Amino acid sequence: MILRPTDPSHGNGTLFVEAPNRGRKLAPQLFDDSPQPGATRAETPDDAGIGFLHRQGYTMVWVGWQGDIPSKLPGSMALTAPVLKGVTGPAREEVVFDNTTSPARTTLTWPAADPANLNVTVRAAWADPWQTPPGLAARLIDPVTVEITRPEGFDAGAIYEITYTARDPVPLGMGFAAVRDITSFLRRDTTSANPLLNGLHPSVNRTIGFGISQSGRFLRDFLYLGFNEDEHGRMVFDGLMPHIAGTRRMATNMRFGQPGRVPRHPQDPGWMADQFPFTYATLTDPLSGRTDGLLRRCALSSTCPKVMQTDTELEWWSSHASLLVTDLAGDHLDLPDNVRAYMIAGTPHFAEPSDHMRSDNKALALPQNPMHAGAPLRALLTDLQSWISDGVPPPSSRVPMRSQGTLVAAEGAVPTNIPGLPYRAQYLPDVVSDQSVLPPREIGRYPVFVPKTDDDGLAIAGVHMPAIAVPRATYTGWNPRAPGYGAGALYPLQGAVVPFAPTEAARKDANDPRPSIEARYANDDAYVAAVGRESARAVAERLLLPEDAERSVEAARKGTLAKLAP
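Taking my numbering, I'd label the letters of the sequence shown as residues 1 to 566.
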């Protein structure tokens, strides 16, 4: 799919290529505040939200790359790859139902070859041994649907492991070549077959690759596997912007791969998303003895792009983002000159533009963090565009660091005396496993660190949006599971919000050490003025656009910036 300026003279010369997330186009929601989840259509002005990408003149392209999803939802995009009929092999999947329904059904990634080889086990928590208790059973409803009868004694957050013999894989690695070849063609082909041809040349001469979460991991593997060099030895992307990928990669370029699968606390910590190398610098892995880095292949062909990796705070708790800036002994590591990293403080994995604090998910111990990262991402994309087009370096990396005392062990990272914020030093460990056996055998672990917070429970380092810099609540990148849903683990993808007490009297009654709203801001005008000052500072540091500074001040004036109510 291509969206381009109707008049090429209004374009900025940059091809913005998003790798879809499970077939969904998410960039419009993130950058444009589009009201459409997955950007299923692009027909009316309202569909474009605030129209940031359009106003900047980007030519936008989406390329279906994932070959193991059906393209059934309106607007979704997938790769149709040849099926390797008759090929079989072992497969393993995990599922947490987050309910107590029995029997319960789940969908396998690949068709099962033999019902007799289907097995299921269960455990209450990741650290527990797998069990086959009385009452646990599984049967195939069809080749990809499993029905599990659940035993007594396990709550809604229990982890079920399914092992089976899979059949009929597809060569999923073709997705990397598809993105490479289409991008290179649109950028450089001068024949009439190129829809971007404008006169004798294409209307674009620069490229940015973008991906969110799963597709951010796709971009990290795309770079690592050498696909930023096209078949003629030319650079494909001038800039890469993997968002909310942490230090994870994918199980894609393999038989019976599962590119959509990722460890989510408390399940799957040993899955192949956690693979050395984790970062862009070249390091030696003490567990395998290998020396490698994400930039190693592109460095050999002089095709390394400018890289701007952005993560929300959640990735530093659940996706091992600390390994971007530490070596494998846990010490400080500098990023290469062509790489920047930014943590958007106080944000969950992905919140929609219209989100507000909610408590309707019974599996969450705390209200859901509603902070949308669109404003800082718009500024950082603008910085990346200046970097690749004009050679203007972007702001220095804004992430927690060991050398600055803002990247620490989980124990002691967050105050434990804040009422309603049950911090128990939970985080997802980085486990390396031997995947050649089922179940996988743990080989070792890498040191993982998390962001240090201030006395309010807010991350000290990172990019601070005005709502976080001038807070009315504690916003976290983690949210525990509620009792009955695997309590003691973190809930996937969600952060939390715990509002400040409105008055000093209420604060004292609650034994809350955090200053109240009344103590922080003399009145509403003082709060709005503080938001204005922080917004101006962020604009000066090129971490917020002037238009978003104005939006922040206006939202503060209306009382909606903190997103504590609809």
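Glycine included, C-beta positions come from ideal geometry on N, C-alpha and C. This one's a predicted model, so the numbers in the text were calculated from it and none came from an experiment.
In whole angstroms, what is the alpha-carbon distance linking S396 and D168? About 47 Å.
Might you give, ordered along the chain, the residues of its own chain that have their beta carbon closer than 6 Å to the beta carbon of K2, omitting 5 neighbours on each side? Note on identity: in this sequence residue 2 is Ile, with Lys being the wrong assignment. Same-chain partners within the cutoff: V61.
Would you call the CB atoms of G391 and V204 closer than 8 Å? Against a cut-off of 8 Å, the Cβ pair of V204 and G391 comes out as no contact.
Would you tell me roughly how many angstroms separate the C-alpha atoms of E352 and P566, rounded to the nearest one? If I take the Cα positions, the gap works out to 13 Å.
Once DSSP output is grouped into helix, strand and coil, what is the label at K508? K508 falls in the helix class under three-state DSSP.
Which listed residue (A538, G532, A562) has its alpha carbon closest to that of V553: Measuring from the Cα of V553, the nearest candidate turns out to be G532.
Evaluate N511 with the Cβ neighbour count: other Cβ atoms within 10 Å of its Cβ, from every protein chain shown; 16 or more gives buried, anything less gives exposed. Exposed.
If you follow the alpha helix (DSSP H) that R551 is in, where does it begin and where does it stop? Per DSSP, R551 belongs to the alpha helix (DSSP H) from 546 to 558.
For Y224, three-class secondary structure by DSSP: In this structure, Y224 counts as helix in the three-state DSSP scheme.
When the Cα of S288 is compared with those of S213, T145, V432, S322, which residue comes out closest? Selected option, being the one with the closest Cα: V432.
Am I right that S322 and R248 are in contact with their C-beta atoms under 8 Å? What's the rounded C-beta distance? Wrong, their Cβ atoms sit about 13 Å apart, outside the cutoff.
Is the distance from the Cβ of G23 to the Cβ of Q66 below 8 Å? Yes, the pair counts as a contact, with Cβ atoms nearer than the cut-off.
Tell me where the beta strand (DSSP E) around V83 begins and ends. Segment: none, V83 is in no beta strand (DSSP E) and carries neither H nor E.
Compare the C-beta of T476 with all C-beta atoms of chain B and state if any pair is closer than 8 Å. Among the protein chains of the structure shown there is no chain B, as only one such chain exists.
Check R248 in the structure and name its three-state DSSP category. R248: coil per DSSP, three-state reduction.
Ignore the nearest five residues each way along the sequence and tell me which others in L293's own chain have a CB closer than 8 Å to its CB. The residue you asked about is not Leu; residue 293 is Gly in the sequence shown. Beyond the five residues adjoining it in sequence on each side, G293 comes within less than 8 Å, by CB distance, of P277, T279, Y280, A281, T282, L283 in the same chain, given in chain order.
Out of curiosity, what's the CA-to-CA distance linking H372 and L493? One alpha carbon belongs to H372, the other to L493, and they sit about 13 Å apart.
Just to confirm the assignment: which complete beta strand (DSSP E) runs, minimum length 3, are found wholly within the segment 70 to 138? Listed in chain order, the beta strand (DSSP E) elements of length 3 or more contained wholly in the segment 70 to 138 are 88 to 95, 104 to 107, 119 to 123.
To test your reading of the DSSP string, which unbroken beta strand (DSSP E) runs of 3 or more residues are found completely within the segment 288 to 354? When DSSP assignments are scanned along the segment 288 to 354, the uninterrupted stretches of beta strand (DSSP E) that are 3 or more residues long and fall wholly within it turn out to be 306 to 312, 339 to 344.
Nearest-angstrom beta carbon gap, P305 and G239 [assumed within contact, 8 Å]: The pair is a contact, with the Cβ atoms about 5 Å apart (cut-off 8 Å).
Can you tell which of I212, S301, I159, T183 has its C-alpha closest to the C-alpha of E315? Of the candidates I212, S301, I159, T183, the residue whose Cα lies closest to the Cα of E315 is I212.
Could you say which of A409, M357, Q368, E442 lies nearest to L561 if we only look at CA atoms? It is M357.
Relative to the C-alpha of V83, which candidate in M174, P103, R55 has its C-alpha closest? Of the listed residues, the one whose Cα sits closest to V83 is M174.
Can you tell me which of I162, N369, Y527, P45 puts its alpha carbon nearest to the alpha carbon of W130? Of I162, N369, Y527, P45, the residue nearest in Cα terms is I162.
Nearest neighbour of K558, chosen from R537, N417, Y527 [CA to CA]: Ranked by how close their Cα comes to the Cα of K558, the residues R537, N417, Y527 have Y527 in first place.
Between T252 and F185, what straight-line distance do the alpha-carbon atoms span, to the nearest angstrom? For T252 and F185, the distance between alpha carbons rounds to 24 Å.
Which two residues bound the contiguous alpha helix (DSSP H) that contains L421? L421: not part of any alpha helix (DSSP H); DSSP gives it neither H nor E.
Take the Cβ of I468 as the centre, count every other Cβ of all protein chains shown within 10 Å, and call the residue buried at 16 or more, exposed below. Counting other Cβ atoms within 10 Å of its Cβ, I468 reaches 16 or more and is therefore classed as buried.
DSSP on W62, reduced to helix/strand/coil? W62 falls in the strand class under three-state DSSP.
Looking at C-alpha atoms only, which residue of A506, A112, L108, E152 is the closest neighbour of P419? Ranking A506, A112, L108, E152 by Cα distance to P419 puts A506 first.
For M174, the three-state DSSP class (helix, strand or coil): Here M174 carries a helix assignment [DSSP, helix/strand/coil].
Does the segment 365 to 379 come into contact with the segment 25 to 32, if we say contact requires no fewer than three beta-carbon pairs (one atom in each stretch) closer than 8 Å? Output reads yes: the segment 25 to 32 touches the segment 365 to 379.
Same chain, Cβ closer than 6 Å to G221, five either side skipped, listed in chain order: The sequence as given places Asp at residue 221; Gly does not occur at that position. Once the five neighbours on either side are set aside, the close Cβ partners of D221 are R249, M250.
Drop a sphere of 10 angstroms on the beta-carbon of G216, count the other beta-carbons inside from all chains shown, and report buried for 16 or more, exposed for fewer. Burial check for G216: the Cβ neighbour count within 10 Å reaches 16 or more, so the residue is buried.
Since G57 and P5 should fall inside the 8 Å C-beta cutoff, what is the C-beta to C-beta distance between them, to a whole number of angstroms? In this structure, G57 and P5 form a Cβ contact; the two beta carbons are roughly 6 Å apart against a cut-off of 8 Å.
Is N369 buried or exposed, if buried means 16 or more other CB atoms sit within 10 Å of its CB? Its Cβ being crowded by 16 or more others within 10 Å, N369 is buried.
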